[in-house]
Structure formats: C-alpha cells, structure tokens
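Peer 1: These protein sequences, in sequence, are chains C and H.
Counting from 1, position 16 in the first sequence corresponds to residue 16 in UniProt numbering; the numbering is continuous, with no gaps.
Counting from 1, position 37 in the second sequence corresponds to residue 37 in UniProt numbering; the numbering is continuous, with no gaps.
Submitted below is the structure of interest, expressed as structure tokens.
Protein chains: 2
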Amino acid sequence: MERARESGSAEAYRRAGVDLDRGAEVVRRVAKLVRGTHGPEVLRGIGAFAGAIRLPEGLDDPVLFASADGVGTKLLLAQAHGRLEVAGWDLVAMNVNDLAAEGARPLFFLDYVAMGRLDPDAIERLVAGMVDALREVGAVLLGGETAELPGMLPEGSLELAGFAVGVASRASLARPTPVAGDLLVGLASSGFHANGYSLLRALLARDPNLFTPDELLMPTRLYVRQAAAAFAAGAKAAAHITGGGFPENLARVFPSTLAAEVVLGAWEVPEVFRRAQAAANLEDRETYTVWNQGIGFVFVVPPERLGDVRQALEALGERPVVLGRLVERDRGGEEAAVRFRYGGELPV
Amino acid sequence: MERARESGSAEAYRRAGVDLDRGAEVVRRVAKLVRGTHGPEVLRGIGAFAGAIRLPEGLDDPVLFASADGVGTKLLLAQAHGRLEVAGWDLVAMNVNDLAAEGARPLFFLDYVAMGRLDPDAIERLVAGMVDALREVGAVLLGGETAELPGMLPEGSLELAGFAVGVASRASLARPTPVAGDLLVGLASSGFHANGYSLLRALLARDPNLFTPDELLMPTRLYVRQAAAAFAAGAKAAAHITGGGFPENLARVFPSTLAAEVVLGAWEVPEVFRRAQAAANLEDRETYTVWNQGIGFVFVVPPERLGDVRQALEALGERPVVLGRLVERDRGGEEAAVRFRYGGELPV
Numbered sequence: 001m002e003r004a005r006e007s008g009s010a011e012a013y014r015r016a017g018v019d020l021d022r023g024a025e026v027v028r029r030v031a032k033l034v035r036g037t038h039g040p041e042v043l044r045g046i047g048a049f050a051g052a053i054r055l056p057e058g059l060d061d062p063v064l065f066a067s068a069d070g071v072g073t074k075l076l077l078a079q080a081h082g083r084l085e086v087a088g089w090d091l092v093a094m095n096v097n098d099l100a101a102e103g104a105r106p107l108f109f110l111d112y113v114a115m116g117r118l119d120p121d122a123i124e125r126l127v128a129g130m131v132d133a134l135r136e137v138g139a140v141l142l143g144g145e146t147a148e149l150p151g152m153l154p155e156g157s158l159e160l161a162g163f164a165v166g167v168a169s170r171a172s173l174a175r176p177t178p179v180a181g182d183l184l185v186g187l188a189s190s191g192f193h194a195n196g197y198s199l200l201r202a203l204l205a206r207d208p209n210l211f212t213p214d215e216l217l218m219p220t221r222l223y224v225r226q227a228a229a230a231f232a233a234g235a236k237a238a239a240h241i242t243g244g245g246f247p248e249n250l251a252r253v254f255p256s257t258l259a260a261e262v263v264l265g266a267w268e269v270p271e272v273f274r275r276a277q278a279a280a281n282l283e284d285r286e287t288y289t290v291w292n293q294g295i296g297f298v299f300v301v302p303p304e305r306l307g308d309v310r311q312a313l314e315a316l317g318e319r320p321v322v323l324g325r326l327v328e329r330d331r332g333g334e335e336a337a338v339r340f341r342y343g344g345e346l347p348v
Numbered sequence: 001m002e003r004a005r006e007s008g009s010a011e012a013y014r015r016a017g018v019d020l021d022r023g024a025e026v027v028r029r030v031a032k033l034v035r036g037t038h039g040p041e042v043l044r045g046i047g048a049f050a051g052a053i054r055l056p057e058g059l060d061d062p063v064l065f066a067s068a069d070g071v072g073t074k075l076l077l078a079q080a081h082g083r084l085e086v087a088g089w090d091l092v093a094m095n096v097n098d099l100a101a102e103g104a105r106p107l108f109f110l111d112y113v114a115m116g117r118l119d120p121d122a123i124e125r126l127v128a129g130m131v132d133a134l135r136e137v138g139a140v141l142l143g144g145e146t147a148e149l150p151g152m153l154p155e156g157s158l159e160l161a162g163f164a165v166g167v168a169s170r171a172s173l174a175r176p177t178p179v180a181g182d183l184l185v186g187l188a189s190s191g192f193h194a195n196g197y198s199l200l201r202a203l204l205a206r207d208p209n210l211f212t213p214d215e216l217l218m219p220t221r222l223y224v225r226q227a228a229a230a231f232a233a234g235a236k237a238a239a240h241i242t243g244g245g246f247p248e249n250l251a252r253v254f255p256s257t258l259a260a261e262v263v264l265g266a267w268e269v270p271e272v273f274r275r276a277q278a279a280a281n282l283e284d285r286e287t288y289t290v291w292n293q294g295i296g297f298v299f300v301v302p303p304e305r306l307g308d309v310r311q312a313l314e315a316l317g318e319r320p321v322v323l324g325r326l327v328e329r330d331r332g333g334e335e336a337a338v339r340f341r342y343g344g345e346l347p348v
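What follows is the structure, encoded as structure tokens:
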C-alpha cells in the first residue's frame, strides 16, 4: 500500500517540512493492523503499487459495486473528544452500508488520510477503527494512502476519505421492481450515524452541553448481514438513510411513478433526535431530511414476504418496524416522492 | 453516485452553512461528464447507493487490483493557476499508473472532493480532467463523493482523493522473478508529475519565478498502454516512480537479495530538474529520492527480451532507455537496495 511511499531522502524532505521518521512510524504501527484483515485471498498487500485480491469463488457473472464516502464534520467531534477510532469505524460503515443497500457483499476497503503533520497516534486510532468494522463485515483493508501535506493542511487538521468495493452475482440482482402496496421496513440506527453534523455542530456552538459525547459519537451501525438476510428472504430493495435523510434516500429505490408514504408515529423517535429538533427549531418533516430519526436502513418488502423478512431480521437480533408503504404517485409525478403523514393503519 | 446526496431540507442545511442549490448545480454539471464515460458494462451509475459494473468477459480467475492516492500539494499550484483540470487528470494518472505497474488493466475510478464551500466551477474542472484521463485509458468514472464541509475546511480550500480498481487474469500475473543481470528500462516523464511538490513550493516561496506555470503544471503521463505492451513483450516487473523517487519505488519490484544499479548519465536529466536541484542545493543522489528526474516508469526486462520490449514500446511512440541493471546485493543485504553510479556499459 502507498503508505510505504513516505520515504526518500530524509534531509531533503525535512527541509520541505515532511518528516520521514513520522512516516515510517505510521507504517510500522498500521502494518500489523492491516495484515490482520488479510486472508489467502489477498495476493498483494503492503509494499505493492496496488493491493490485489482474488474474487470469491463460485460467483456467476460477477458484478462489482463501488462506493466513495467520508464522515463529514463528525470527524471534528471525534478529534475533539479523542475518539478517532469512531471516525475510522464510521468511514467503513458509511461505505459498506451503501454497498449493502445495493445487495452487494463488501470485499475490500481503502482509505485516504492526509494531515498537515502526520500524527502516528491519530492514524493508528483511525485504522484500528476501520479494521474493527471491516472484521465485522468480513472485508479486507486492501490499501490506503497516508499523506503529509505541509502548507496545505494546518498541523492538527485531518482529511479522511474511504472507498469500498463489493460484489454480487448478476442473477442475484434480478429482483422484482417495487410496486404500490409494498411495505417499508426499517431497522434502528444507533444515533445520528455520520450525517447532519454541520447542523449539530451549529447547535453545539450555542449550547455545548446539548448532547453528551457518547450521544454524538456513537459508531454508525453496520447493516451488511441484515441486508443479505433480508434480500434472501424477499426484500426488493433497500435504502441507507444518510445525507438528505428519508426523502433523498428512499426516493432512490422505487420508480418515479410511485411515492413513499412514511407514517410518523410508526416508531418512537429517540429522545436525542427530539432534543436536536427542538434546539434547531425545525418542523417535524424537516428533521427527516437532516437526521435519520432513529431508522438507519429501510427495506422495500412485498406484503406477502413480510413474515419471511421479519423472521430473517429477528434471527439477527433486529426488531424491524413497518414504517410506511409505497403508493401511486399523482398524475405528472409532481407530488413529492416521499411524504409523511401522522397515523394510519400498518401491519405491526 | 453519492453526489446526489447533497439534498434534503434546504432551509435546515442553509442554517448549518450547507447550500443545497450549489450541491444541485454540481450534480447537474458533472452528471453529463460522468455518464460520458459509461458504456453498457455500467449497470448502476448516478443515483444509486453504489456504482455497479460488470467484469470484462473472458477473464480467467480474475484478480482485482486497487489503489488510493492524492495529488499532494500540486493541488495548491493547480488551484493558484486556475488549472484544476490538471489536478483531476493527475489524480487519475497517479492511481492508474500504480495499477499498470502491477500489470492490471484499469476498470473504474472514484473520486472524493470536499470543499468548505462548494464551487461548482472548480468541481466541474476537476471532473473534466479526470474524465479526459479516464477516456485515455478506457476506464469508467463509476462514482464519487462531493462534500460541503463548512467549519471544517476554509471556504476556498479543497480536499481531493482518488481510488482506482483494475483487473488481471491470475495466469497473467505468473511472471518470472527478477534476477541479477536483468535490465532497467525507463520511459520519459512529462516533468515533476505529482511528487516532490512540498519541496518545489518551498523553492517557489524563495523565488516565485524559478519555474514557469507550465513547468509546474504539466499533466502526469499515463503509462497504462505502455505497461500492457511491455508485459506482453516479456517485462518481468514495473515501477511507477512516485513519492520516494528511484530508491523507494524501484526497491519494490525485486527480491531483497538483489540491488538496482542506476547509471547516472544513461539518460539526459531535463533542465527543469537540474534547475530545481541547484535551487534546493541537493546532492545528485538526493534528487533521485525526491523527483523522477525525467523518468516516470521503469520496467525490469531480461536481456534476451530487451529487443521485444523495446520494439513494443517504440510502436507506441516511446523512446525507452536502458538506465541500469539488477545486481547481487552484498552479504546480509545491508547495502542499499538502489545505488547510483556514474557511467558504465549498458546496452544502448
């Protein structure tokens, strides 16, 4: 991996503000963590120009899926509270949950970390968080780049981006198209995950005690096994509730002739979201565009498969909640793709 | 692609310093550029949680290769001179050249761009540069993330990371191990490429007229077709000369029982490198650890295949140069893995 790149003439680099000893220290610390995720499928790891991994066997007509994401301004809070392992974990979670929503199995991950001055401690914590999350979903940390960029980034500041690749057989992607009457089945989030933090930080600037550090820095849940189980049990589609909240993310998974009707009150919105809403003085509906409101992942499930999907998810310890359904959209499709209403009958 | 994420309640986001109109404008501008790289192999593109692409047909036991990289502080110069398309191009080049060095064919690329305040113009230029380079190597811009991070990045500042995935059949990777006597065959660079810019910027701070903007902002050469041709003609390995220069990058491609002997004078170091060396007051050998000295890519070639490799490269318009050879390393391997000497017989 390109981490090994931070080398060369120590003297020349130091004159330019780049310290190679710190670079070597970073490599030393993360190499063991990274290798811990490598099985025999990894053909080239640390030291190669590019990591190499074999495709899993027995996949018919494999399709590759890829995602790029960061953790937004949650990174600043993780730094401020000395919990960079949460940022590393979330970086993986944001990406692999996106793969899971498409029905792909995560294979590998790469990270990009840049600092004005490399802090081996900080990078070790970040990578440790990534590795924990990757082990959880059975994926590999295949490579990464750690760059020291003096003059470009202030000394303490940190840049962070992640990339994940997954795979699915083409046949497994041939799922029925969502239709009116299909149900929306949600899984709990662990808190804000990694979205809406610009607004949270604005609220914290006014009242630093509005949230506890734990409330702000809960690691994002991983939905990889849940998604695999739900698709196998008959789910047609899935949405990862991230930036843009319900409207933005639900609208991605059904045809534009349909709309999603989300029933407010179908689940109890955790108190921390209500506190955030009150502090931000947002209307009910607005909050669903900024935060996940306690639901991190939503499946589209035909009513006749609800029992199977629920059973599959409960077997993984989930308590899935039916939170709405798909309906026909009005003529011309000018109506919103996602609407909210209070109350209404839903299968429990 | 996650670019579509920048949405939600415009009012709530604006209060947090995130402007959704700018986000929508970015999506509008780049979508057409991105789709222009998509062929029928792309099954899911803009709007999906993750991009999806089929593997090329007829690959036996496919191995995936992945690389993550940035363009370092060259980005600052590209911004200062209004040439962000060069940064976009280089972001692709740094990554796909790494894949090429391992013998992989680039399939797709993803970018991560973050700004304190989204500048649709800047992002369009970046993506246009990426798309140009990707077309050149026949790869796809499969996804990306564009994030507006107020309070985290100063308004005008830019974060940039790239990620590329390629593929090779497992059989094609079974190349003979380099041995003493194998030749080092180099291809010209187009200038500094995207390495050693922290030092270049330090020199510019003392003398702003030391280099012309063109000298500083030459796009990095792409070596993808050249690498494929050279491997097919008998090259055993290849090194992409990037950060760490010759010592760091050549040492990656041969066993630790060997050393590379680079003959200074085997090629003419372009004047711009000599100017940089004089300004930095570096010893000859030191310069080879910071800059590429006019050689961007090096193949390890057994002498009996030199004719074939040379012919294959010349057919692509290259003028390959034999710049050294592999030799036995001294007992214990304490000698440097890459050494330089002045003069010496080499096949022309």
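Just so you know, even glycine gets a beta-carbon here, dropped at the ideal spot from N, CA and C.
Would you say G116 (chain C) faces chain H, with C-beta separation under 8 Å as the test?
Peer 2: Residue mapping note: residue 116 (chain C) aligns to position 116 of the first sequence, counting from 1. No, G116 (chain C) does not count as interfacial toward chain H.
Peer 1: Check the DSSP bridge columns for E318 (chain C) and list the partner residues they point to.
Peer 2: Start at 1 with the first residue of the first sequence, and residue 318 (chain C) comes out as number 318. Bridge partners of E318 (chain C): none, in fact.
Peer 1: Given that I295 (chain H) touches chain C, what residues does it touch there, using C-beta distances under 7 Å?
Peer 2: Locating residue 295 (chain H) in the second sequence gives position 295, counting from the first residue. Those do not exist, as I295 (chain H) stays about 15 Å from chain C at its closest Cβ, beyond 7 Å.
Peer 1: Tell me the rounded alpha-carbon separation between V34 (chain C) and I241 (chain H).
Peer 2: Residue numbering aside, residue 34 (chain C) sits at position 34 when the first sequence is read from its first letter. Residue numbering aside, residue 241 (chain H) sits at position 241 when the second sequence is read from its first letter. Cα to Cα, the separation comes out at about 24 Å.
Peer 1: Using a Cβ cut-off of 7 Å, pull out every chain C residue sitting near L149 (chain H), in sequence order please.
Peer 2: One-based indexing of the second sequence puts residue 149 (chain H) at position 149. Residues of chain C passing the Cβ test: G72 and T73.
Peer 1: Candidates C:W89, C:F273, C:N209 and C:A48: which alpha carbon is nearest R135 (chain C)'s?
Peer 2: Taking the first sequence and counting its residues from 1, the one referred to as residue 135 (chain C) is at position 135. Selected option, being the one with the closest Cα: C:W89.
Peer 1: Counting only the same chain and skipping the five closest in sequence on each side, list residues whose C-beta sits under 6 Å from that of R175 (chain C).
Peer 2: Stepping through the first sequence from its first residue, residue 175 (chain C) is reached at position 175. Within the same chain, R175 (chain C) has close Cβ partners K236.
Peer 1: Any beta carbon of chain C sitting closer than 8 Å to that of G317 (chain H)?
Peer 2: If you number the second sequence from 1, residue 317 (chain H) lands on position 317. By this cut-off, G317 (chain H) is not an interface position.
Peer 1: Leaving out five residues on either side along the sequence, give the residues of the same chain with a beta carbon under 8 Å from the beta carbon of E124 (chain C).
Peer 2: As a position in the first sequence, residue 124 (chain C) is number 124, starting the count at 1. If we look at E124 (chain C) and ignore the five residues flanking it on each side, its Cβ neighbours are V26, R29, V30 and L33.
Peer 1: Hey, could you find the ends of the alpha helix (DSSP H) G129 (chain C) is sitting in?
Peer 2: Here residue 129 (chain C) corresponds to residue number 129 of the first sequence, with the count starting at 1. Where G129 (chain C) is concerned, the enclosing alpha helix (DSSP H) stretches over P120 to V137.
Peer 1: Please report whether the beta-carbon of G186 (chain H) lies at a distance below 8 Å from any beta-carbon of chain C.
Peer 2: Here the question's residue 186 (chain H) lines up with position 186 in the second sequence. False, the Cβ-Cβ gap to chain C never drops below 8 Å.
Peer 1: For chain C, check one thing: does any of its Cβ atoms lie closer than 8 Å to the Cβ of D121 (chain H)?
Peer 2: For this step, residue 121 (chain H) is matched to residue 121 along the second sequence. No, because no Cβ of chain C sits closer than 8 Å to the Cβ of D121 (chain H).
Peer 1: When the Cα atoms are used, what is the spatial distance from A315 (chain C) to V96 (chain C)?
Peer 2: Start at 1 with the first residue of the first sequence, and residue 315 (chain C) comes out as number 315. Start at 1 with the first residue of the first sequence, and residue 96 (chain C) comes out as number 96. If I take the Cα positions, the gap works out to 21 Å.
Peer 1: Please name the residue, chosen from C:F299, C:A188 and C:R341, that lies closest to V269 (chain C) on a Cα-to-Cα basis.
Peer 2: Position 269 of the first sequence, counting from 1, holds the residue named residue 269 (chain C). With distances taken between Cα atoms, V269 (chain C) lies closest to C:A188.
Peer 1: For Q293 (chain C) and L203 (chain C), I'd like the C-alpha separation in whole angstroms.
Peer 2: The residue given as residue 293 (chain C) occupies position 293 in the first sequence. The residue given as residue 203 (chain C) occupies position 203 in the first sequence. Each residue's Cα considered, the two are about 17 Å apart.
Peer 1: Which runs of the beta strand (DSSP E), 3 residues or longer, sit entirely within the stretch 156–204 of chain C?
Peer 2: 158–169 and 183–188
Peer 1: Kindly say whether R5 (chain C), judged by its beta-carbon, lies nearer than 8 Å to any beta-carbon of chain H.
Peer 2: The sequence position of residue 5 (chain C) within the first sequence is 5, counting from 1. Because R5 (chain C) carries a pLDDT of 42, less than 50, the predicted location of this residue cannot be relied on, and no value is offered for it.
Peer 1: Is it right to say T177 (chain H) is buried, meaning 16 or more other beta carbons lie within 10 angstroms of its own, or is it exposed?
Peer 2: Against the second sequence, residue 177 (chain H) aligns to sequence position 177. Burial call: exposed.
Peer 1: Using a Cβ-Cβ cut-off of less than 7 Å, give me the residues of the stretch 129–144 of chain C that come near chain H, in sequence order.
Peer 2: Result list: L142, G143 and G144.
Peer 1: Give a yes or no on whether the minimum CB-CB distance between D19 (chain C) and chain H is below 8 Å.
Peer 2: As a position in the first sequence, residue 19 (chain C) is number 19, starting the count at 1. Judged by the 8 Å Cβ criterion, D19 (chain C) is not in contact with chain H.
Peer 1: Checking contacts by CB at 8 Å: is L264 (chain C) closer than that to chain H?
Peer 2: The residue you call residue 264 (chain C) lines up with position 264 of the first sequence. Put simply, the CB of L264 (chain C) is far from chain H, with every gap to its CB atoms at 8 Å or more.
Peer 1: How many angstroms separate the CA atom of A228 (chain C) from the CA atom of R105 (chain C)?
Peer 2: Looking up residue 228 (chain C) in the first sequence gives position 228. Looking up residue 105 (chain C) in the first sequence gives position 105. In a straight line, the C-alpha of A228 (chain C) is about 8 Å away from that of R105 (chain C).
Peer 1: Any C-beta of chain C within less than 8 Å: which residues of the stretch 48–67 of chain H qualify?
Peer 2: Within the stretch 48–67 of chain H, the qualifying residues are A48, F49, A50, G51, A52, I53, R54, L55, D61, P62, V63, L64, F65, A66 and S67.
Peer 1: Would you verify that the beta carbon of L199 (chain C) is, or is not, closer than 8 Å to some beta carbon of chain H?
Peer 2: As a working mapping, residue 199 (chain C) is identified with position 199 in the first sequence. L199 (chain C) counts as touching chain H.
Peer 1: According to DSSP, is R206 (chain H) part of a helix, a strand, or is it coil?
Peer 2: To locate residue 206 (chain H), count along the second sequence from 1; it is residue 206. Helix at R206 (chain H).
Peer 1: Strictly by DSSP, which residues pair up with G324 (chain C)?
Peer 2: Translated into the one-based positions of the first sequence, residue 324 (chain C) becomes position 324. G324 (chain C) pairs with C:L184 and C:V262.
Peer 1: Within 8 Å of any Cβ in chain H, is that where the Cβ of H240 (chain C) sits?
Peer 2: Locating residue 240 (chain C) in the first sequence gives position 240, where the first residue counts as 1. Closer than 8 Å: yes.
Peer 1: Compare the C-beta of R28 (chain C) with all C-beta atoms of chain H and state if any pair is closer than 8 Å.
Peer 2: In the first sequence, residue 28 (chain C) corresponds to position 28, counting from 1. Not closer than 8 Å to any Cβ of chain H, the Cβ of R28 (chain C) fails to qualify, so no.
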